[in-house]
Each structure stands twice: as C-alpha cells, then as structure tokens.
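Numbering (my numbering), first residue to last: 1 to 133.
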C-alpha cells in the first residue's frame with residue numbers, strides 16, 4: 001500500500017514556441033515510491049524536474065507538495081571534482097535542497113544516497129558513468 005501523497009502534479013501545461021511540451025500532465029508521488037521520467041531527448045524530462053524543484057514555472061496547472069516535503073535535484077552532468085566521498089558531494093551547498101542555501105544535513109544526505117543503493121563513503125571516482133548520473 002502506498003504511503004501518503006508527497007507531490008501531486010495537476011493538469012500541468014507547458015509550451016515552447018507554441019508547441020505543447022506537456023498538456024494536462026498529472027501524477028501523484030507517494031511516500032516510499034520511486035519514479036523515473038523516461039522519454040526521448042527534448043521530451044521535457046529535465047524541464048519537469050526543474051518545475052518540481054520550483055526552478056521553472058508551467059504555463060498552467062500546479063504542483064502541490066505535502067507539508068514538509070523537500071525536493072532535491074542533482075545536475076545532469078555533475079562534477080564530483082574535489083569531493084572525496086559521495087556524502088561530501090551530497091552535503092555540499094550547491095546540491096542543497098530546494099529553498100535552502102544551507103548544506104544538506106549529513107543524516108538526510110545519507111538517507112537519500114541509501115534510497116538509491118549508494119554507499120555514502122564511496123569515492124565518486126569509483127563509480128560508473130551511469131551511476132554518476
């Protein structure tokens with residue numbers, strides 16, 4: 001059974017140059033669920049994540065988050081240079097949670113890494129290209 005709803009995307013619409021990228025997109029993410037955005041290049045996967053992180057605005061519709069829910073977004077081509085471990089990277093202010101300029105607390109970063117099956121003490125240089133993404 002799914003946990004409580006953390007995010008609800010409602011009737012999302014976004015156009016680029018008059019062509020709709022999203023038109024009526026809807027989904028709900030519940031606590032404990034994992035989601036993947038799959039599509040061709042230019043389909044809007046990154047744009048959707050940017051909207052969920054409140055870094056971009058839709059033309060219409062809304063994204064509603066549960067009280068206390070946080071969104072984090074790592075860059076597509078992350079630079080791990082200067083970080084000895086994945087935990088060091090995940091705690092860095094540049095990777096901080098939406099709405100915060102402060103570093104992510106280590107216990108939250110460890111939980112996020114664990115949810116993806118990643119060892120917080122692993123050296124980024126030991127990861128494959130796919131794992132880095």
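C-beta: ideal position from N, C-alpha, C; glycine also.
Close CB contacts of residue 112 within its chain, under the 6 Å cut and outside five residues either way in sequence, are absent. Beta-bridge partners of residue 15 (DSSP): 20. Ranking 31, 33, 13 by CA distance to the CA of residue 24 puts 13 first. For the set 6, 52, 20, the Cα lying nearest the Cα of residue 42 is the one of 20. Residue pairing of residue 25 in beta bridges, as defined by DSSP: 12. Residue 132 sits away from residue 120, with the two beta carbons spaced by 9 Å or more.
Taking the Cβ atoms as the reference, residue 46 lies roughly 7 Å from residue 76, within the contact range of under 8 Å. Going by C-alpha positions, residue 102 is about 38 Å away from residue 18. For residue 69, same chain residues with a beta-carbon under 6 Å away, outside a window of 5 residues either side, are 6 in chain order.
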